[in-house]
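Quick note: the sequence shown uses our numbering, first residue 854, plus one each step.
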Amino acid sequence: MMDMTALRGQHEQISLTARQLAQATSDTGTPQSVAALRWSLARQLIAHLALEDRILYPAMQRAPDAAARQTAAQLQGETGALADRFTRYMADWSDDRIAREWSAFCAETRLILAALAERVDRENRTLYPLADQQRRPTPPVARAS
Numbered sequence: 854m855m856d857m858t859a860l861r862g863q864h865e866q867i868s869l870t871a872r873q874l875a876q877a878t879s880d881t882g883t884p885q886s887v888a889a890l891r892w893s894l895a896r897q898l899i900a901h902l903a904l905e906d907r908i909l910y911p912a913m914q915r916a917p918d919a920a921a922r923q924t925a926a927q928l929q930g931e932t933g934a935l936a937d938r939f940t941r942y943m944a945d946w947s948d949d950r951i952a953r954e955w956s957a958f959c960a961e962t963r964l965i966l967a968a969l970a971e972r973v974d975r976e977n978r979t980l981y982p983l984a985d986q987q988r989r990p991t992p993p994v995a996r997a998s
């Protein structure tokens, strides 16, 4: 099982960028330049999901604990849906459309950021502790003499 430090660090960076984007879209009356924040968040998510898909989820699928395998499989399925939703969000909102429909963009951004925050929180509370447990060696069983 992998060292979870890198994934946790990515979660912190994703959360920071998401908060910055939320702040930038908090004033629905005044359009702001959000392109750099959106693309930064997209790059961070792509790198993070690739690392999870390449290392974390395959390792969790081999975990000896059936509950850990099942939880990881469920979360992996949900991740795909969120990734698809984020991809559509990025494709649907061009810079021109953002400028024309700023209020609608802000509303959709709040929804996607809330879903992302919930996902990061679930992984931090559920999946990552399970992955940490899989890394720990099980203590030897005492033998009766």
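Quick reminder that beta carbons are idealized off the backbone N, C-alpha and C, glycines included.
Candidates the options: closest to residue i by CA position
i: residue 965; options: 929, 983, 955 and 938; result: 938
i: residue 898; options: 978, 963, 861 and 918; result: 861
i: residue 906; options: 888, 889, 930 and 978; result: 930
Buried versus exposed call for residue i [16 or more other C-beta atoms within 10 Å across all chains shown]
i: residue 891; result: buried
i: residue 916; result: buried
Residue j beta carbon less than 8 Å from that of residue i
i: residue 913; j: residue 984; result: yes
i: residue 981; j: residue 961; result: no
i: residue 928; j: residue 971; result: no
i: residue 894; j: residue 870; result: yes
i: residue 973; j: residue 879; result: no
i: residue 902; j: residue 932; result: yes
i: residue 921; j: residue 863; result: no
i: residue 968; j: residue 935; result: yes
Per-residue DSSP class, three states only, for residue i
i: residue 978; result: helix
i: residue 933; result: helix
i: residue 895; result: helix
i: residue 986; result: helix
i: residue 946; result: coil
i: residue 885; result: coil
i: residue 919; result: helix
Contact test: residue i Cβ vs the ligand SAH heavy atom, cutoff 7 Å
i: residue 984; result: With respect to small molecules bound, the structure shown includes none, and the ligand SAH cannot be examined in it.
Inter-stretch contact (C-beta, 8 Å, three-pair minimum) for the region 931-951 and the region 868-875: no
The region 881-900 contacting the region 951-958, beta-carbon criterion three pairs below 8 Å: yes
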